[in-house]
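Structure first, then comments.
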Ligand SMILES: Cc1cc2nc3c(=O)[nH]c(=O)nc-3n(C[C@H](O)[C@H](O)[C@H](O)COP(=O)(O)OP(=O)(O)OC[C@H]3O[C@@H](n4cnc5c(N)ncnc54)[C@H](O)[C@@H]3O)c2cc1C
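Residue numbers (this note's numbering): 69 to 583.
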């Protein structure tokens, strides 16, 4: 193995200083692993959000997006950060927890090797080399764009990926197709349809379950609470038509378009068999800016200037195609055997069963609903405990078996979505499982008797990160109480009522002699 540029071996190297790398570094420092180097290729903290489209507004509210132990400021709980606000929060967080001094910017990792004794050797673009006992990959899973096969046939039309999109100016008066309608695709389609001559969106299946970010000034994700999400996932099949009926009753063209998009969700568990698309951007594009939804592209003519869709549409004189078709889970600088790891083959989407406790992926679990940031934090807490030796990973065979069981359970819940989106997890199941492994699952029953007001927040307030600071390793009880009290509580709305109805239904079913 080559000589290192520094004559030392770090306790841990973290690659990437997006939100995942920042919180991972912070948790390592906090547990006492202080000799950490965080390598970041760009000049800024913040990852995707430091370099994304101009009008990006997060789809998870501030309440959900915040890390557990760093308050966002009073009165902002229902707010949705712009990308700059998000970066400011993480920059302040990094400064507060002394993370910044561990970050080496302009340090693009180009190769990682593991020596026979297990030490990680990391080389950056400048040729400098570093060594560490442990390694964290926090490079995000929005790095390597994925395209459909037919892209190769496009010779006469402009193409790009939504990760390159910054604003709609170049699409003015053009005929544009956006492929895919997830959260980024919806934003892109909305902006383009406002200025383009014509904008189509091609959807192979659904766009996930479309929900507005906010309702009546309240962040809609406040309803991502245990009151409803503790129910079995099959209840999603009842919840979906109920929610759709309410959306249609608004008699609003935007919500009619939303209902039509949600009608495309064919998952057995309805809303709980898919992922949330938490923005009204696409319904608005359809209702107010003439954006048209078409099905899958089946034929490419004139080098892509003309496209045929499976529902018989002919898209003619196309100028540009924007692919919002997701990303591949790859880490190109890792050794061959670790380059194409499937998140579902990693133990808890984090640890490679054959490598064990010297390598972790942080940020490769994307929740259907909820937010990715509390998941990154929970993963970082678990990883720090494992790296410190305070929790042991199971034997390799047990990890393999558990990841197979987890995959089967996600396939049962999400069907084809679980196969296609390899990082997709159920937010509540994932957070509950990992927090129980750590020992920081909130003491809900105890709080019912000792702190009934806080109990109400645990059940009917958003299941965000601070709930997991009430006990166990990393607990910060006073701070957690203080923050949880300030967080919004759901109103007695249709979701709370549906949850109560569901509980009654399942309780009666459990008592029934005809089960
Ligand atoms: C447009 C968009 C909007 C999103 N909005 C939300 C939202 O509202 N709520 C939510 O919960 N989730 C959201 N997500 C999902 C997820 O939270 C984000 O993708 C988040 O940025 C992931 O954080 P990360 O730190 O894992 O990865 P990233 O943000 O991608 O950060 C990875 C970092 O690693 C660095 N890096 C990569 N390769 C190397 C290398 N070879 N060497 C050194 N450094 C490297 C990158 O420069 C980057 O800084 C969104 C995703 C996208 C794409």
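Using N, Cα and C, we set each Cβ at its ideal position, and we do this for glycine too.
Requested in this report: Indicate whether residue 447 and residue 132 have their beta-carbon atoms separated by less than 8 Å.
Outcome: Start at 1 with the first residue of the chain shown, and residue 447 comes out as number 379. Start at 1 with the first residue of the chain shown, and residue 132 comes out as number 64. The answer is no: Cβ separation not under 8 Å.
Query raised in the report: What residue does the alpha helix (DSSP H) around residue 503 start on, and which one ends it?
Result: Against the chain shown, residue 503 aligns to sequence position 435. From DSSP, the alpha helix (DSSP H) with residue 503 extends over 495-506.
**Report entry** Any non-hydrogen atom of ligand 1 within 7 Å of residue 481 CB
**Finding:** Taking the chain shown and counting its residues from 1, the one referred to as residue 481 is at position 413. No - ligand 1 has no heavy atom lying nearer than 7 Å to the Cβ of residue 481.
Query raised in the report: Do the stretch 71-87 and the stretch 104-116 make contact, defined as three or more Cβ pairs closer than 8 Å?
Result: yes
Query - N-terminal and C-terminal residue of the beta strand (DSSP E) that residue 391 is part of - result: As a first step, residue 391 is located in the chain shown; it is residue number 323 there, counting from the start. That run of the beta strand (DSSP E) goes 388-391.
Requested in this report: Could you tell me whether the stretch 470-483 touches the stretch 113-131, where touching means 3 or more Cβ pairs closer than 8 Å?
Outcome: no
Query raised in the report: To the nearest angstrom, how far is it from the Cα of residue 574 to the Cα of residue 239?
Result: Mapped onto the chain shown, residue 574 falls at position 506. Mapped onto the chain shown, residue 239 falls at position 171. When rounded, the distance between both Cα atoms is 52 Å.
Query raised in the report: Per DSSP, what kind of secondary structure is residue 179 in: helix, strand or coil?
Result: Within the chain shown, numbered from 1, the residue matching residue 179 stands at position 111. Here residue 179 sits in strand by DSSP.
**Report entry** Near ligand 1: residue 235 beta-carbon under 7 Å from a heavy atom
**Finding:** Here residue 235 refers to the residue found at position 167 of the chain shown. False, no ligand heavy atom lies under 7 Å from that Cβ.
Query raised in the report: From this set, 290, 203, 120, which residue's C-alpha is nearest residue 554's C-alpha?
Result: By 1-based counting over the chain shown, the position of residue 554 is 486. The residue among 290, 203, 120 with its C-alpha nearest the C-alpha of residue 554 is 290.
Report task. Please work out which residues of its chain come closer than 8 Å, Cβ to Cβ, to residue 142, disregarding the five sequence neighbours upstream and downstream, and give them in chain order. Result -> Against the chain shown, residue 142 aligns to sequence position 74. Hits under 8 Å: 554.
**Report entry** Option nearest residue 340 by Cα separation, candidates 541, 479, 98, 153
**Finding:** As a first step, residue 340 is located in the chain shown; it is residue number 272 there, counting from the start. Among 541, 479, 98, 153, the Cα nearest to that of residue 340 is on 479.
Query raised in the report: In whole angstroms, what is the alpha-carbon distance linking residue 275 and residue 101?
Result: Against the chain shown, residue 275 aligns to sequence position 207. Against the chain shown, residue 101 aligns to sequence position 33. Computed Cα separation, rounded: 42 Å.
Query raised in the report: Can the beta-carbon of residue 534 be found closer than 8 Å to that of residue 136?
Result: For the purposes of this step, residue 534 is identified with residue 466 of the chain shown, where counting begins at 1. For the purposes of this step, residue 136 is identified with residue 68 of the chain shown, where counting begins at 1. Their beta carbons are under 8 Å apart, which means residue 534 touches residue 136 by this criterion.
Query raised in the report: My guess is that residue 395 and residue 211 are in contact by the Cβ rule of under 8 Å, so how many angstroms apart are they, rounded?
Result: Residue numbering aside, residue 395 sits at position 327 when the chain shown is read from its first letter. Residue numbering aside, residue 211 sits at position 143 when the chain shown is read from its first letter. The Cβ separation is near 6 Å, so the contact holds.
Query - Per-residue DSSP class, three states only, for residue 312 - result: One-based indexing of the chain shown puts residue 312 at position 244. The DSSP-derived three-state label of residue 312 is helix.
Report task. Could you please give the first and the last residue of the uninterrupted alpha helix (DSSP H) stretch that includes residue 468? Result -> Reading the chain shown from its first residue, position 400 is the one you call residue 468. For residue 468, the enclosing alpha helix (DSSP H) covers residues 464-482.
Query raised in the report: Whose CA, out of 578, 581, 563, 507, lies closest to the CA of residue 297?
Result: Locating residue 297 in the chain shown gives position 229, where the first residue counts as 1. Relative to the Cα of residue 297, the nearest Cα in the group 578, 581, 563, 507 belongs to 563.
Report task. Can you have a look at residue 266 and say buried or exposed, based on whether 16 or more other CB atoms are within 10 angstroms of its CB? Result -> As a position in the chain shown, residue 266 is number 198, starting the count at 1. The residue in question, residue 266, is buried, as its Cβ has 16 or more Cβ neighbours within 10 Å.
Requested in this report: Closer than 6 Å by C-beta to residue 69: which residues in its own chain qualify, once you throw out the five before and the five after it? Chain order, please.
Outcome: Within the chain shown, numbered from 1, the residue matching residue 69 stands at position 1. Caution is warranted here: a pLDDT of 47 is assigned to residue 69, below 50, making its placement in the model unreliable, and the coordinate value is therefore given only provisionally. Closer than 6 Å at the Cβ level, and outside the excluded window around residue 69, lie 183, 189.
Query raised in the report: Looking only at C-alpha atoms, which of 430, 521, 393, 88 sits nearest to residue 161?
Result: To locate residue 161, count along the chain shown from 1; it is residue 93. Per the C-alpha coordinates, the member of 430, 521, 393, 88 positioned closest to residue 161 is 88.
Report task. Pick out whichever of 153, 138, 191 has its Cα sitting closest to the Cα of residue 402. Result -> Looking up residue 402 in the chain shown gives position 334. Of the listed residues, the one whose Cα sits closest to residue 402 is 191.
Query - Heavy atom of ligand 1 within 7 Å of residue 212 beta-carbon - result: If you number the chain shown from 1, residue 212 lands on position 144. Not under cutoff, so the answer is no.
Query raised in the report: Of the choices 476, 522, 530, whose alpha-carbon is the least far from that of residue 495?
Result: Mapped onto the chain shown, residue 495 falls at position 427. When only C-alpha atoms are compared, the closest one is 530.
Report task. Compute the Euclidean distance between the alpha carbons of residue 483 and residue 499, then round it to the nearest angstrom. Result -> Working through the chain shown from its first residue, we reach residue 483 at position 415. Working through the chain shown from its first residue, we reach residue 499 at position 431. Roughly 21 Å between the two C-alpha positions.
Query raised in the report: Is there at least one non-hydrogen atom of ligand 1 closer than 7 Å to the beta-carbon of residue 167?
Result: For the purposes of this step, residue 167 is taken as residue 99 along the chain shown, with counting starting at 1. With a cutoff of 7 Å, residue 167 does not count as near ligand 1, since its C-beta is closer than that to no heavy atom of the ligand.
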